[in-house]
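As they're listed, the protein sequences go chains A, B, C and D. For the first sequence, the working numbering assigns the number 1 to the initial residue and increments by one for each residue that follows. For the second sequence, the working numbering assigns the number 761 to the initial residue and increments by one for each residue that follows. For the third sequence, the working numbering assigns the number 1010 to the initial residue and increments by one for each residue that follows. For the fourth sequence, the working numbering assigns the number 1451 to the initial residue and increments by one for each residue that follows. These notes are about the structure you will find just below.
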Amino acid sequence: MAAIAGPAINKMSKISRRDLLQFIGAGGVGVAGGILYGEGVQRNVEFLIPQVVPPEDYSPGVATWYNTVCNQCSAGCGISVRIREGKAKKIEGNPVHPVSQGRLCARGQAGLNVLYNPDRIRTPLQNAAQRGSGNYAEISWDEALTTLGSRIGRLKIEGKAGRVRLLTGRTRGHLDELFAQFMGLLGSEHYQQYDFTYPAAIRAANRISFGVDQLPYYDIKHADFLLSFGADYLGTWLSPVHHSLAYGHLRQGRQGRRGKTVQIEPRMSLSGAAADEWIAARPGTEGLLALGIAHALVNAGNYLGSDRDEWSIALEAYSPSTVSAETDVSEESIVRLATEFSAPGTSLAIAGGATAAGTNAVASVVAVNALNYLAGNLGQRGGVIFNSDPAFSATAGSRQAGLRGMLDLVEAMEAGDVEVLLVHDTNPVYALPENVRFRRAMENVPLIVALSSFHDETTAMADFILPTNTYLESWGDDVPDPGVGFPVASISQPVVAKLYDTLAVGDIILLLARRIGGELPIRLHWATMEEFIKERWREEYELRSAAGEDQDFEAFWRASLEAGVWGQPGAATGDESVPSSSSMIASITDPVSKFAGSESDYPFVLHPYLTATFTDGRGANLPWLQELPDPMTSVVYGSWAELNPVTADELGIREGDILEVESPAGSIRVPALIFPAIRPGVIAIPIGQGHSAYGRYASDRGVNPIHIVATQVDDQSGDLAWAATRVRIKRTGERLRIIKTDGVTRTLGRQILGPKNDHA
Amino acid sequence: MSTIVEKLRQYSKPGYYDKFDYHWTMTIDLDRCTGCEACVVACQAENNLPIVGEERFAENREIKWIRIERYWEGEYPDIKMGFIPMLCQQCDDAPCETACPVYATYHNQDGLNTQIYNRCIGTRTCAVYCPYEVRYFNWFTYTWDEPLEQQLNPDVTVREKGVMEKCTFCIQRIRIAKDNAKDDNRRRVRDGEVVPACVQSCPTEALVFGNSNDPEAKVSKMMKSPRGYKVLEELHTTPSIVYLTKVQS
Amino acid sequence: MFDHGQPSYADVNKDIISTMLETGPKYWTLLGITVSVAGICFFMPWFYQLIVGVGAAGMNRNAVWGSYLSNFIFWIGLSHSGTLLSAVLHITNSPWRKAIYRSAEAMTLFSLMTAAMFVMVHLGRVWFVHWSFPIPNQMGLWPNFRSPLMFDVMAITTYLTASSIFIYMGSVPDFAAVRDASTGLRRRLYTIFSFGWRGTAREWHTLGWAYTFFAVFVIPLAVSVHSIVSWDFALSAVPGFHHTIFAPYFVTGAIYSGTAGIVTVMYCLRKFLNFERYIGQVHLDSLGKLLITLSLIWTYINILELFSTWYGGTSFELEALSFKLTGFYAPLYWEMLLFCAFVPLLMLFKKIRWSWNKMLVISILINIGMLTERFIIVATSQPRKFLPGAFGYYVPSWIEFSITVGSFAIFATLFLIFIKWVPAISLYEVKETLRPLRRDA
Amino acid sequence: MSISVLDALRPAKKPALLGLVVVVGLFVGAWVHGKYFSDRSPIQPIEFSHRIHATDNEIPCQHCHIYADRTPVAGVPSVSKCMGCHNSVPSVRESPEILKLATYWENREPIPWIKVYDVPDYVHFTHKRHIKAGLACQECHGPVETMDRITRVASMRMPWCVDCHTERNVEHGRDCWTCHK
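See the structure below:
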């Protein structure tokens, strides 16, 4: 044993020194590796941060909903915002709000992109270099307001307050009142609003036809036959969400009764796609077509009024055959539409879009109004219902400047009559034709102050930018316009704590008033917008509670805040008396649009159209909307010009060919897109892209067709006739890939849309 | 052995899911649908879909769990457009479910075609097998420009690169509804208590969602419409989404 | 049989083993090139892709499978000839197999490995690839055995294992020969590799028996592997994938491309290792005849596929077909037909069949054709599925091209390493083919 | 000229042994790390003792973790809650840890507690359901009332969850979508 063990031990001891070290080293490496491994798989340190003092209604991991008002377009939908841990997570329609009824469109839901937009202005800014260079220095609120206050105050003392001008977007509710009071107290009459999408023609036409200066409630929901002249009521016209709800009901909401819709427009819109019949009348002649239908209706003896003969005479010139030749709609179609329009059941005719944006805009809408009158749709369920007085003595729409007002402003600016220009929530540099030269005129204004959440083309000219809260961080109220047939008002409240060093517009005005001094701080004595609104609501409440409501105001206020809306359903609708026929007959004029540019030089009609996502360009800085395929073409991120396939074939244009679209007013370069549902001879370009300074998502993308629109005014409404420009196109030889999500847009005989049938 | 045979028979029997509490189903009325895409944004907001950027769109790599497909019919001037919202059909005989080697997608007891992101290894076979092409792959890890990430829904995972994703019928909402039902000691969620984001937002109320195992549910009644059909029915995927065809006038 | 006179047993040993023991600068240069090409073209892009995501490749929503999978099928296909051919020829006692089977089997092994690499490259989250193996775990999670991809995992691992054993077993006597011819560390290693082979009658008998057993075992395995790969496609309902013909189509295609691959490899071995004495016209002729046969079968199946698609007449299939024949990738389709159906017919001429250079060109063309065939299958069907609204295109990105090039370098690297470790021609089987030496010679 | 495999293998013995030592070392290292350096029992910003609160003073868990039976999250008490009690406990007012608390309160700062129990973001876990199902806090969190410093007693990883769900036969307890989101 020993003999064997001996050498073994010997051998071990002989190698051991070196080997031992090696083994120890190996062990060490192993242990170190093990520890490193443990360290590697260790979870990151996460913290559990308690609140210092918890808010009352806070539960971790549980969402709370706050009701407020959408400000993404002017429909005034009530919205509910889902809040978790103080962050807004989702916007949905407010189920109790009569406009949205719990539903919401894409744009409204993208409101979160407004709130959390990375390009928001976070502090007050002062121009640090040449105007328009985009070079701004951060300053404090105090500094900004003091500077402005003293400047405006001085003008006021010098009696030159009229040289201060306030230009806002479409503002309603008590913010509008605050603006008006502020300017009034200052001694300036120049408080104007400019909103490209404002339906000025409809309002003017209703004043002329019915003597009612308002937007009535179009009861699509209960109509059996809806005849739309250019109004994209499902996408952009007045109140799309409300109309969509109505459309759903019209189609399938009534047992055994399916309403029919007909759309008349040169380029198929969402509403055109939804319609049973899409008629591409010659652009600018839609009003004429309405009169033709009216003629046929009266001729067929379907108008039963006592003044039938007078109507016959008034409409004599618009026989279907004449109209057919003008409008390129077959005589037979006109007569058929007249029959269907006057058939038993409810019918409704509406006008909007390009029809209400020619030089004949008001005349066209008046013609459509006449059609409604002749079919007996006024004040009827499923027809045109006039709104009662709005809930508040709001001045909805009456301050709209229109193109005429803006031209006056430009003139005043160029003449040096404007010392201070306050701009809020409107972007005239973008939303006016380039020929108006708004931007150049601004250079003559010594002080421009922008109250805005974002940089855009107009704020780029500002000397001071006062960052505003978004609508989700602000107090406010709103009266939807058009109303819903009964008095309604909504409250908007901040749903999240403000993110940055910004202020609500109302608060800025109140603070500014204090800096200006004089009687302003005394008359505008409210500390905040919240206080102001609450006081106004209290007054309103006391005025109305004569009816004998026994709850106190605080309870009412809390309930209204919780609901986000207050309304009086069942309250009397507006004027139900049918307006006199004779004035209507008198109001009918020949609705022919005058196009800028001769047909020989400019063979194509430019059809700019509003998109449901960007409207007048405001939505372009929201990434969700940029990434939302266009509903009709599936294009994302960019502009395009739509051409009929036949036209494209003739000119040898393929999709993606960059075209130079030239109007008498200017030219743009935009890639072509072959679109099968557009009238030959018409070129449609969506409005909304083509921003030069509107944040990372919108800037330098696509083109803005408004810029090449000729500066033509519709005389009766004073608004821009943006659909009355002719253009010529030229291939530049360059190409650009249009980014679309669609592959092939034909079913190739596959039954994807379902088996063909005629079930009702 | 007999139990296995029994089970197999049970599984292959149509209506196997009848014996469970739920069979979530959706009906889409194309006669109401206007193609407005409110549902698309609703889904994006609810389910943390990334903002992929122009380049990704150009590469055809967008992620939209619900999309609107559009089909023209006819030629100018007699041209019509048909919209059809396309989302995961939650098929009962889903081709994707057999394809996944790691069971990242399978059918659960509520008739839902699940997608478990953290199990997915990214073979993308499910997307190839899916006839509706409603499965979207995360080609990259997407980020949000600060502070857009504050909007992200904490009830839904943010997916990383290499993972397949698709419509879940807003499982997080179903989960909350079930939770509430349990709190109230109700066996089942009430009809209308839970709706996915797309259904909630639809301005024309074209989308209806509910439990088709409940004969009283609105969706069960809608499904019986003579206009009802299923897309690519001939492939026998037995989808849980019933479309109601547009009325041709 | 031998072009340059019959070598003696010692010559065989010397010729072949010397290629292993004597390594010149040419070898190192070549190895250096292949390793760096593999690194730069394959691994670097792949790591980049791992970091940013599979989006680095060109796949998109319409075609989530791309060139990685077509390369995968290609390499699986290339693997087919080797072991399968070797096994079939072994049990049919074809003497001409003996000089080429070792390198053919090595081809199998290495193309399988390359194919496996492509699976890794293809996956979105390759770091979880182990989830596709049935490893028992506490979570109670198992892979899905209904998934054709699981069949694949099973089939390929089995095939890889069987092929490895097959090639190793056949090499044991040769390892012993190397052991006997070498010294030092190499000797020690080959002692281990050869399992102490002594060359007794019993050992030879056991080897023969086991070898034949494996040969029989491997044949159905090889057929099943590519059938199963085809089911990855055929089990889906995708138009263009959903064909019952796919299994035989893939197997035929695999053997076809594999055989062409053998010709290419033979050429290289002959050229670079000076194996002219062992790899001769007889091999080339036989392979040429085999290629013609396979080409005809392959063409027949292609016609059948077209016919059944047309005859079926569904909108889906017809659209996929017309896209294949006339769409974006139509030039590739016609190129494939040219290279795989028409060019091989040239081999009907003995003159061409007997020319090494011409055969090399044809064999490479066939494999280019087969590579495109796989690409066409993957790239033309997916973008033309059921909903026209989701139709699209797929164009590979430079990363995919680079990785494809790199995969050939990986294969070449593995092969270069192989020829230094294993006799590229079976020593003992070549010796079996020698005419017995006359005693007085 | 031996052809025995064993002979050829002999020189490999030492490297093999060394490799074995490394492997053993790895396990030892991992174990040591888990035992002494892990994140299972982190040092918190305030040396808060659950033993003093829950055992000595017999405060029930949900007195402080008020959301546990109502929401998915149990919740840590707000600083105001801590101070609410401690203002009326003069006996310890001067102890250094309570002074730390007072400092946080005066500065209106939250206390950065380090999370001990955490689940990944792709997991949906709700305390409410578990409490309503009658589980005691200790079943997952261990005998917290005896701990001076909180130590994680369960891995909170999927096998651990699945085991319990299987054992208790939870309805749809093994459906992925019950816990994954």
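Glycine included, every Cβ here is placed at the ideal spot set by N, Cα and C. Here the structure is a predicted model, which is why all the values come from computation and not from measurement.
Alpha carbon of residue i to alpha carbon of residue j, nearest angstrom
i	j	result
residue 770 of chain A	residue 378 of chain A	Nothing about residue 770 of chain A can be read from this structure; chain A reaches only from 1 to 760.
residue 117 of chain A	residue 907 of chain B	7 Å
residue 1365 of chain C	residue 1276 of chain C	7 Å
residue 471 of chain A	residue 88 of chain A	12 Å
residue 854 of chain B	residue 929 of chain B	15 Å
residue 213 of chain A	residue 589 of chain A	19 Å
residue 798 of chain B	residue 846 of chain B	13 Å
Neighbour list for residue i in chain D, Cβ cutoff strictly below 7 Å
i	result
residue 43 of chain A	1489 and 1568
Chain A residues whose Cβ lies nearer than 8 Å to that of residue i
i	result
residue 1480 of chain D	34, 35, 37 and 38
residue 1324 of chain C	748, 749 and 750
Chain C residues whose Cβ lies nearer than 8 Å to that of residue i
i	result
residue 896 of chain B	1070
9 Å Cβ cut-off: residues of chain B touching residue i
i	result
residue 247 of chain A	792, 794, 963 and 964
Contact set between residue i and chain B, taken where Cβ atoms lie within less than 7 Å
i	result
residue 742 of chain A	830
residue 1554 of chain D	Simply none; closest approach about 25 Å.
Residue i: first and last residue of the uninterrupted beta strand (DSSP E) it sits in
i	result
residue 1099 of chain C	Note, residue 1099 of chain C: premise wrong, no beta strand (DSSP E); alpha helix (DSSP H) at 1095–1100.
residue 641 of chain A	641–643
residue 626 of chain A	No beta strand (DSSP E) holds residue 626 of chain A; the alpha helix (DSSP H) holding it covers 623–626.
residue 168 of chain A	164–168
residue 351 of chain A	347–351
residue 1051 of chain C	No beta strand (DSSP E) holds residue 1051 of chain C; DSSP gives it neither H nor E.
residue 278 of chain A	277–279
N- and C-terminal bounds of the alpha helix (DSSP H) containing residue i
i	result
residue 176 of chain A	173–186
residue 604 of chain A	No alpha helix (DSSP H) holds residue 604 of chain A; the beta strand (DSSP E) holding it covers 604–609.
residue 1370 of chain C	1365–1390
residue 567 of chain A	No alpha helix (DSSP H) holds residue 567 of chain A; the beta strand (DSSP E) holding it covers 565–567.
Chain A contact residues for residue i, given Cβ-Cβ distances below 9 Å
i	result
residue 1513 of chain D	Neighbours of residue 1513 of chain D on chain A: none; closest Cβ ~15 Å, over 9 Å.
Beta-carbon neighbours of residue i, restricted to chain C and to distances below 7 Å
i	result
residue 820 of chain B	1069, 1070, 1071 and 1401
Proximal residues of chain C, C-beta to C-beta of residue i below 9 Å
i	result
residue 880 of chain B	1133, 1134 and 1137
Got a sec: which bits of the segment 1196–1207 of chain C sit with their beta carbon under 7 Å from any beta carbon on chain D, in order along the chain? The residues in question are 1197, 1200, 1201, 1204, 1205 and 1207.
Short of 8 Å Cβ to Cβ, which residues in the segment 1452–1467 of chain D face chain C? Listed in sequence order: 1452, 1453, 1454, 1455, 1457, 1458, 1459 and 1461.
Check whether the segment 899–917 of chain B touches the segment 1285–1292 of chain C, counting contact only when three or more Cβ pairs, one atom from each stretch, lie closer than 8 Å. Below 8 Å, too few C-beta pairs join the segment 899–917 of chain B and the segment 1285–1292 of chain C to call them touching: fewer than three.
Any contact between the segment 43–50 of chain A and the segment 65–76 of chain A? By contact I mean 3 or more CB pairs, one from each, below 8 Å. Counting Cβ pairs under 8 Å, fewer than three are found: no touch.
Using a Cβ-Cβ cut-off of less than 8 Å, give me the residues of the segment 1612–1624 of chain D that come near chain B, in sequence order. With the criterion set as a beta carbon lying under 8 Å from some beta carbon of chain B, the members of the segment 1612–1624 of chain D are 1622, in sequence order.
Does the segment 975–986 of chain B come into contact with the segment 732–752 of chain A, if we say contact requires no fewer than three beta-carbon pairs (one atom in each stretch) closer than 8 Å? Contact fails: fewer than three Cβ-Cβ distances are below 8 Å.
Give, in chain order, every residue of the segment 847–875 of chain B whose Cβ lies closer than 7 Å to some Cβ of chain C. The segment 847–875 of chain B vs chain C, Cβ under 7 Å: 855, 858, 859, 860, 861, 862 and 863.
With a threshold of 8 Å, are at least 3 pairs of Cβ atoms found where one atom belongs to the segment 1153–1162 of chain C and the other to the segment 1237–1247 of chain C? Yes: at least three Cβ pairs fall under 8 Å.
Along the segment 65–92 of chain A, where does the CB come closer than 8 Å to a CB of chain B? Name the residues. Flagged, chain order: 84, 85, 87, 88, 89, 90, 91 and 92.
Taking one C-beta from the segment 313–332 of chain A and one from the segment 252–259 of chain A each time, how about it: are there three or more such pairs within less than 8 Å? Contact fails: fewer than three Cβ-Cβ distances are below 8 Å.
Three or more C-beta pairs under 8 Å: does that hold for the segment 673–680 of chain A against the segment 642–655 of chain A? Taking one beta carbon from each stretch, the segment 673–680 of chain A and the segment 642–655 of chain A have 3 or more pairs nearer than 8 Å; the two touch.
Taking beta-carbon pairs under 7 Å, can you tell me which members of the segment 1241–1253 of chain C lie near chain B? Residues 1245, 1246 and 1247.
Of all the residues that make up the segment 426–460 of chain A, which are near chain B by a beta-carbon distance shorter than 8 Å? Of all residues in the segment 426–460 of chain A, none places a beta-carbon less than 8 Å from a beta-carbon of chain B.
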